Structure formats: C-alpha cells, structure tokens
Amino acid sequence: MYFILLSIFFPILAGLFLLIRFRTPLSGEKAGTDRKPLLVLTGIFLVITAVFAFAAPLTAREGFTLFYLTETLPIYFRIDSVGQLFSLLAVIVLLCAGFFSFSYMKHEERESRYYGFYLILFGVLNALCFAGNLITFYLFFELLTLSSMPLVLHNGSREAIMAGLKYLFYSLCGAYGALFGIYFLYQSCDTLTFTAGGVLKETAVTQHGGFLLLTAFVMLLGFGVKAGMFPMHAWLPTAHPVAPAPASAVLSAVIVKAGVLAVVRITGYIFGTGFLRGTWVQTVWMCLTLITVFMGSMLAYREPVLKKRLAYSTVSQLSYILFGLAVMNEASLVGSLFQVLAHGFVKAALFLCAGAIIYKTGKTRVEEMRGIGKEMPLTMWCWTIASLGLVGIPPTGGFVSKWYLALGSLKSGLPVLDVLGPIILLVSALLTAGYLLPLTIHGFFPGGDYDYSGLQKKEPRKLMTVPILILTSLPVVIGLFPDTIAGIILMAVKGR
Amino acid sequence: MGPNLFTNYGEAVSAVLFCIGFTNLLLQTNLIKKIIGLNIMDSAIYLFLAEKGYIAGRVAPIVVNGVTSTEAYINPIPSGLVLTGIVVSVSVTALMLSLTIRLYTRYHTLNLDEISMQLKKEGK
Amino acid sequence: MNFICNFPFFSILLSLFSGTVCSVLPAKAAKAVNRVVIIAVGLMSAVLLLYLLSTGESFIYWMGHFPAPWGNEIRAGVLEAGMALFFCIIMYLSMAGGAHKLPGEVVESKHNLYYILVNLLLSSLLALVYTNDMFTAYVFVEINTISACGLIMIRQVGRTIEAAVRYMIMSLLGSGLLLFGLCIMYDLTGHLLMSNIKESVAQLIAAGEYQIPLIVSVALMCIGLCIKSALFPFHAWLPDAYGYSTVSSAAILSSLVSKGYIFLLIKIIYRVIGFDIFNSTRIIDVLFVFGLMGMIFGSLSAIKENDIRRMIAFSSVAQIGYIYMGFGMGTQAGMVASVFHILSHAATKSLLFIAAIGLTDVSGGSRKFIDLTGAAYRNKWAGVAFTAGSLSMVGIPLFSGFISKLLFAQAAVQVEGKMLASLIVLGISTVLNAIYFMKTVIRIYTTAGESPYSGVTFRDMKAYAVTLLFFILLNVALGVSSQPVVNMIEQGLAMFA
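Sequences listed follow chains S, U and D, in order.
Each residue of the first sequence is one higher than the one before, counting from -15 in my numbering.
Each residue of the second sequence is one higher than the one before, counting from 196 in my numbering.
Each residue of the third sequence is one higher than the one before, counting from 648 in my numbering.
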C-alpha cells in the first residue's frame, strides 16, 4: 500500500519541488546556464518513481481506501493485471522519453517547468493505472489533462497555446461526457469499484436498459476523446506537433492510452461485456473505430509534416485497440492489450526518432529528409525497425497484436463487421507502410541526383540514441515471445 | 371580481400606483424622475398597508376618555409598519439624491444613459 | 434558557454598535475594531453551532420577552449558525486580503467610514440570517442594500458611482416588490412572524381560499429577491459594481451580499410558505429556467470580456444561476446542492477577486488580458491562488466546485422532467467556465518577450499571501471533506421545516 502511495505522491511532490526550487526566470532575466542540478535531480526522481511503480504491484494486491470524497465516493486504489500492464508501459516509456529529453530540451527555455510537470504527470499516470474505482479514475483523468497540458504548450508560441487550449477543451468535453455517465451509474450500481464482469444492478438493467446503453455510449465517446476516436480526434494532430518531441512521445504512447484504459475499465469492469455485447452500442462503436482506423491512415498518408503524420498514425493505431475492445471476445481483447504495448513502444520510438532528426537537422517535413539515413544511420535503422513493427511485419509485436485482432473479429460472428474489420485493418496496414517506409527508402536511397557532398555525421549523443534503441528493441522482444505475453494478458482479460 | 374591486378600491388604487412607481423607477432615464418613481412606489405600499389596517368606524389607537375596549380602535401594527417603512424610504431617497448630486457635478447631466456613454468614452 | 442562546442577538448588536463606534475612531482603531468584531462574531457563531449540533434542535429567542404573535423573534438553527460562521470567515479573509490595497483606493479620511459600512453590512447579514420576522427582514434588506451601495461607491470613481446608482435602482425595485409581497402576505395571514405565517398559509391552502393572492404574494417576494441577488436577466448592474469597487468590497459583495438575499429566500421558502407548497407552484419552473439561462449567458458574457475583474463578475451571474437551478428542481437534494454551492461559490469567488488584484497590481494596474501576460510569474502566490480558484470553478475534483456540481447532478438525476435539461446545461456551463478561466490561467503563465513590470516577492506581501493560502485551504477543505458540511446542511434544512 505504501508503494502505491509513494509511486503516486512522490513524483507529484518531486515535480512540485522542481517547479518551486528551480524557479522560472522572470522574462528578461537570463536563464541559469547550469542545468546539471536540475537534470541530476530529475533523473534521480524518475528512477526512484520507476522503482516505486515496479515495486507497488509486488507488495500490495488488495485494495485500500485513501479517504472518502463524500460518504459514498471513496478514493480507492487497487492493482490488477490490466493496471499493471498499463503501468509497465507508462514507466518504460516515461523513463526513456525522460532521459531523451535531457539532451533534447537543452535549447528550450523553462526546462524546470517541463520536468516538474513531467514528474507530476508520472505520478498521475501511476494513479490512473492503480485506481480502483470509477471516481478515483475520473479524478486522475482530469488531473492527467491538466498536468499534460503544460507539456503541449511548452514553447509558449501562439500556435502552441491554441493547441493546448484545444487539447484542454476536447478533454474537458470528453471528461464531462464521462462524468455525465457517472451520475447515472451512481443510481444504477451498488458500487463503482472496478469489478470484472460489471457492477450493474439487475433491476437497473431490466428497468432502464435502453437508457444505460445510451449512458455507456456517451461515456465511450467521452473517454474516446482522449483515445482520439472519430468524431473527437481533431485535438491529436494539433497537439502533437507543437509539443517537444519527447512530450509528444509520451502523449502518443501513454497519455492517449489512458483513454484506452478508461474504455477497458468501463466496458469490462463497470458495464460488463455481457451487457454491451450484441447491442447497438457495440455496432456503432465498431463502425466509429473502423472509420477512425481508415481515416487516420489516409490522413497520415497525405500529411507532409513528419510529427503530424505520426500523430495521424496514432489516431489510426489507437482505434485498432478500440476496435479490439469493441469486438469484446477473448482473442480480440488479447489483441487489443498486445497492441497497447506494441504501439506504445513503437510510437514512442518513432517520435523520439523524429525528435532526434529535428534536434540535429531542424527538418520537419518528410520531403526535406532525403538522405537522412546517410547522416543518422542508427536513428534511421531504429526508425525502420519500429515502422515495420507498426505495419505489423513478423516477428514484431505489431504482427501478433493484429493477428489476434483479426482472429477475434472473425470469430465474433457479428454480421458484415466480422469480415469488414480485418479487411480495413489490412488496408490500413498497407497505408501504414505507405506513409512510414518512404522515409526509410528516401533516407537511405536518396536517388541518383542526390548531392552527397554536404553530408556530415549527425548521429545524436548516447543519451538520445540509447532510449530509442531500448524502445525499438522492446516491440521486437515481445514479438519474439508472443505466447508468454499473451498468456499474461489472457490472465488480465479473465479478470484477475 | 367587480364588487370585490369596488369594496377594495383602496388596495386597487395602491396596486396601480405601485405599478406606476415601479415602471418609472425602472424605465425613466432621468435620475430625479427615477427617484420620484421610487417614492410613488413606496407610498403606494404604505397606502396599501394603511388601507388594510383601517377598520371603518373606528378611531386611531390612542386611548381617549378611558375607552380600552379593542373594539373601538383600528389595528395599530400596520401603522407602525408604515412609520418604519417611511423611515427606510426616506433614508434610501436621501442616499439616491446624494448619489445623483455626485453624478451631476461630475457629468453635468441627470440622464443615466448619457452618463454611461460618457463613462464608456473615458474608457476606464 | 442557556446563555449561548443570547449569541445571535449579541452578534447582531455587537456589529451594529461597533459600526457606530467606528465613526468617532481614527482609521487604524476602526480597522482593529472591525477585525475584532468579525472574529468575535465568528467565534460566537462557532460556539453556537457546536451547541446546536449537540442539542440537535433549533431555538427561538424572544426579543424583549414578548411572546409569539406580538414580539419580535430571532431563530437559530444549525444552518443559520453555520452560515453566520462561514460569512464571518469569508468576510475576515476578504478584508485581510484587500487591506493592503485600501490606502490606494479610498481617500484616507474615509477609511473609518469604510469600516462602518463593513460592520453595518455584517450586522444586516447576520440579521437576515437569524431573524424570524418578515418585516425585520425587510428593514435589514434595506440596510444591507445601503451599506453595499456605500461599499461600492466609497472608491470615488465615475464608474463606481454610476454602478452604485444602478445597483441602488435594481435593489430598490427588488425591495419594493419584496415589501409589496410581504404586505399582501400580512394582509392574508395577519402575521409577520415566519412560523405564524406558515401555519396560516397551511390553513389557507387546506381551505382552498385566497389561492391567487397567495401565489401573487409569493411570486412578488421571489422576484424581488431574485432581482436583488442578480439572477440572470437582472444582472446588468453587477459587472460594474463588482469590477470597479475596492477589492475587499468586490469580494464581499460577490460572495456574501447576494448570498444573504438568497439565504433569506431559502428561509422564506421553508419557514414562511412551506417547502411543499412552494414546490407545487409554477414559480420553481420559472426559477429553474432563469437559472439555466443565467448559467449559459453569464458564462458567454464572461468569455467576451477583456477585463479580468469584469470577467470574474460575470462568472458570478453564472454561479447564481446554478443556485437558482437547485431551487428550481424542487427537491430536498436540489436545495442541499444550492446551499452547498452558496458556500463553495463564496469561498471561490472571493479567492478569485483577491487573487486577481494581485495579478493586476504587478501588471501596472491594468486589467486587460494582454497586460496580464506572465503575471503569475511576477506574483507567484496570486498566480497559484487564481489557478486554484479557476480549477474549482471549472469543477476539477478535490476542489469545492466539483462537489457542488456533483451534488447538483445527483439532485438532477432524481427529478424526472428536469434531468436532461439540467445535466446538459451543467455540461455546457462547465465547458464555458473552462474556456474563460483556463484561458486566463494560461495567459498569466505565458511569458512572451520582455515585460515592463517588476514582480513582487513573498516578503512584500506576507498578509496577502497568507490570506490567499487560507482561501485555498478553505476551498480544498470543502472539496475534500464535504460530507460533514453536507450533513450539516441537511440537518439545518430539516430544522427549518
């Protein structure tokens, strides 16, 4: 229990400490040139938090209530396998991206603010993973929005601020949709504690079943905002490109996954898959996710700005996960959770690669990056492997997840959608290859007319390449041992 | 309705007066006219109270000639309320008038809308 | 009768007389007297609250020992004592938070006048809270209006005088309607004491007599108090009055004065008309609709505003709308939510006003958003406090605003016909709130280029910073441990009936 609390409150307090201790210089004053104390402290805090977050599941399996918000709304934490899975992803990505930023943020202003909120974000994410009931989850979901917003608008330009506001409003609208649902659930559940199989009262289901379905739909849409599901995806491509690259990596790999975790929680642990399976909610939801998958890929294919392209790709890839959750059978759920891990690592690696390119060359558009592979071979090799993972070429994790997703969809027995789903997934995978691999191709083979004389070695420092390497290797590793991972996930799906 | 209105004509008149005062206070732009409206409105209420307290054929509750029977006098409470009310309305009127004087010395007009226009022009 | 039962009477009288005493004291002494009186009244209310919680029932105090139909009465229950205590806390913090600005805002010779007005305001608020007599309530409503008007115009700028005049006009319209409604009620029932009126009203309803005059009277009183508490269509006076008066005045006016009237309305609903009879009229639907409109239009006006104090003032319109929406639901839960929102809004809004002044001070006194850029770095405490207040207003969990929204929503879910409307408007209003408050928060935390203004440090404004800290703590306390407060409100409302 203490490790859970420590993993949540230690980083939050540490972040606040950084914010206060290393005060942001008033405009006009020159920022202190000595970054070392800040970086060392941040590094230590990050590692300690990671240790706490790893230790928490090992020490405590039963839940505990921190305090009561009102008589019937406890702030309650409990660790289960799903939470553990997400926490694992969050910790690894946050660590890698955190160390990457040490180098990347060198030329940015107001570093202390960045690291402060980064640590707070870490704590909030841990809390989200370990939250044991819907109210606690909602609380930290809101705090997640608030603590990640400063990362989005970090550089303080007008564009960044508008993007931050857009992110905020989309998220708040979504969160209100979710809250709207909580108000009703409050009436029709005995408890809001996450319980595998759902907590709906029998009487409530028979009396206002239709209304509960509507509630479920509103909540899905509301939490779906964070996961970039189709009608509310527009904040993603706006917010990602303006954030610093490591922050976009975190946004894309972890924060949007909070939306996924939310959807997992409400479908599996509040409403229960048994209640939703075969209803109009499932059908509409699957259609929305398929639209998002296809649309995201198309938009990414046509997008010339690299980070924006990756953001659209996130939109598309997240809906793979949501599609799997919507199918709601065992294979598809395994596929979804596998995809959570695979996509998290891959997308973080891709964003960090993009960050390294921007940091070293200042180029942001894809067509400017001809010959980049000659300048930064290691980065581009990582990019290529990660891309293959996202497309779903064996032996990467992306292949396994998509395999399970397609399998689940075909087994689901839903009319039309069971076949349409895999087809769209396949088309989208082709598109994914179409928008990611050209960078590799033109990077390594710039063509005959390319002028090789201006090339220099631009490989970034170790502090940048090592996190990228780690993140690139992880999807391959999980792809090599799919059975073990799938076994663990299966346990999680079965609700332990 | 008709006979009721006739027997309670005092109340009816006071209601009409109240409405006149109310509209004046609300809609007039001239501050002095507003204050007059305020006084009409308040007086209408006092008329209403006095009318309610009065019982035909009885006298003011001041003991004269040793008559102590309650049958002889009107209800004194409404009169007391009227007196209290008058005190309140006088002080409020005084406050309004003093505010009006201040505005007039600053902006040389009694028209509230014009004053607002001038304030907007000042831009503060 | 226990000695503690004298406390309500003592509080009213103490603040009233201290006001008189202040007039002959020099400014410094008047300030001290003012502080002491607020603390003393607060302590008495706290003791009274504890006493009432231990006995578990309200008591009636005969003024001058005249029994019921003739004498004037004071009544104290848990809710009254709690309100009085809360008003004292907010008033003390507001006065403390604005104290350093006072010399710049008010002419030196008028300082003791300022404290007279504050004391008078406190006494009239206490009287509104405690009285059991309708006509006394009316008289103190007027005293409240006069002292509030004085608080607005004590800063002698054209805007404030104009605002004071507009405030007076709207208030007088309101009190005129209230008085007329009161007279009709007196005419119908023959009583002025709340408890006696309630009995007569129940008899009238049972007999089916004088229904229309009764409704007219109730409607007049309601509209009167709505006008005075700036419900949506009657809010035109509010932004100028709150936006240009002194800091403490703005904080007190927005968080206490309008709440005094609302509390009187609650008393009228429960103690004069009877909750069930009131809910059977169509009046609650009207209140509901105007409450909802206020929530939306208040926020829309706030979004358009380019002046931070006026923006906060417009946000008050929206928050008052919340309270009336709670009334309009016509359930006990709605009423509890409204009363809680009175507390939460008072704590938040005064915090925002006081934090805003800290931000404008380090921006050359300008309230325009463009000048406020980066102000939170120049005055850190004010920045943090403003952020906390904004988060509470938006309804982020752990702050008081979330609890009141939760209570409203829970109340709404129980009312079939009004559920969807209230939840949707709550949602829209939450998002609108987020738009203008978060916009401001981001603005004050943006540093763009050189700023011509210099910052302040903790040492320059100890009292101010501590006040802000207390305000934030109050907010968080209401947000984190709301259950005891809600229980107390429920108990208090039960005592009303």
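Built from N, CA and C at the ideal position, the CB exists for glycine as well.
Remember, it's a predicted structure, so these values are computed and weren't measured experimentally.
- When Cβ pairs closer than 8 angstroms are counted between the two stretches, the segment 842 to 859 of chain D is seen not to touch the segment 266 to 277 of chain U, the count staying below three.
- From the beta-carbon of V254(U), no residue of chain D is found nearer than 9 angstroms; the closest lies around 21 angstroms away.
- Within chain D, I1089 have C-beta atoms less than 7 angstroms from the C-beta of G148(S), given in sequence order.
- DSSP links N306(U) through a beta bridge to N225(U).
- Remark: C-beta atoms of G243(S) and F84(S) do not approach each other more closely than 8 angstroms.
- Counted as a single uninterrupted DSSP element, the beta strand (DSSP E) harbouring F51(S) occupies residues 48 to 54.
- Against chain D, a Cβ distance below 7 angstroms from L42(S) picks out nothing, because the smallest value is about 29 angstroms.
- A direct Cα-to-Cα measurement between L272(S) and A111(S) gives close to 29 angstroms.
- F201(U) has a beta carbon lying at 8 angstroms or more from every beta carbon in chain D.
- For I59(S), the uninterrupted beta strand (DSSP E) segment begins and ends at 57 to 61.
- Taking 8 angstroms as the CB threshold, G1074(D) lines the interface with chain S.
- Assignment of alpha helix (DSSP H) within the segment 927 to 991 of chain D, counting only whole runs of 4 or more residues, yields 930 to 951, 955 to 976 in chain order.
- Residues Y99 of the same chain have their beta carbon placed closer than 6 angstroms to that of T26(S), with the five preceding and five following residues left out of the count.
- Chain U places no beta carbon closer than 8 angstroms to that of F787(D), leaving this residue out of the contacts.
- Shown in chain order are the members of the segment 1054 to 1065 of chain D whose Cβ falls below 9 angstroms from a Cβ of chain S: L1054, A1056, Q1057, A1059, V1060, Q1061.
- Out of L839(D), I1082(D), G941(D), T1020(D), the CA that lies nearest to the CA of N719(D) is found in L839(D).
- Separation of L798(D) and L242(U) (C-alpha to C-alpha, rounded to the nearest whole angstrom) is 32 angstroms.
- At a cut-off of 8 angstroms between C-beta atoms, L939(D) does not count as an interface residue with respect to chain S.
- Boundaries cannot be given for M1108(D), as no alpha helix (DSSP H) includes it and DSSP labels it neither H nor E.
- Boundaries cannot be given for A218(S), as no alpha helix (DSSP H) includes it and DSSP labels it neither H nor E.
- Between L222(U) and chain D, the shortest Cβ-Cβ separation is not below 8 angstroms.
- In the DSSP assignment, R1014(D) falls outside any beta strand (DSSP E), carrying neither H nor E.
- Excluding the 5 residues flanking it on each side, E952(D) has same chain C-beta neighbours closer than 7 angstroms at M958, F961, in chain order.
- For N719(D), the uninterrupted beta strand (DSSP E) run begins and ends at 719 to 723, by DSSP.
- With 16 or more other CB atoms across the displayed protein chains lying within 10 angstroms of its CB, E287(S) is buried.
- Residues of the segment 283 to 302 of chain U with a C-beta less than 8 angstroms from any C-beta of chain D: V283, S286, V287, L290, M291, L294, T295, R297, L298, R301, Y302, listed in chain order.
- A Cβ-Cβ separation of about 23 angstroms leaves F164(S) out of contact with S131(S) under the 8 angstroms criterion.
- Taken in chain order, no unbroken stretch of alpha helix (DSSP H) lies wholly in the segment 804 to 835 of chain D with a span of 4 residues or more.
- Our two residues, Y739(D) and A295(S), have alpha carbons roughly 51 angstroms apart in a direct line.
- For C113(S), no Cβ of chain D is located within less than 8 angstroms of the residue's own Cβ.
- Per DSSP, reduced to three states, the secondary structure at L176(S) is coil, with no helix or strand assignment.
- If one requires a minimum length of 4 residues, the alpha helix (DSSP H) runs lying completely within the segment 668 to 731 of chain D are 674 to 702, in chain order.
- Here the segment 994 to 1004 of chain D makes contact with the segment 888 to 902 of chain D; the two share three or more CB pairs at distances below 8 angstroms.
- Sorting L176(S), K185(S), A315(S) by C-alpha distance to the C-alpha of V384(S) places A315(S) at the top.
- Contact with chain U is found for C796(D), since one of that chain's Cβ atoms lies less than 8 angstroms from the residue's Cβ.
- In this structure, the alpha-carbon of V324(S) lies about 11 angstroms from that of S303(S).
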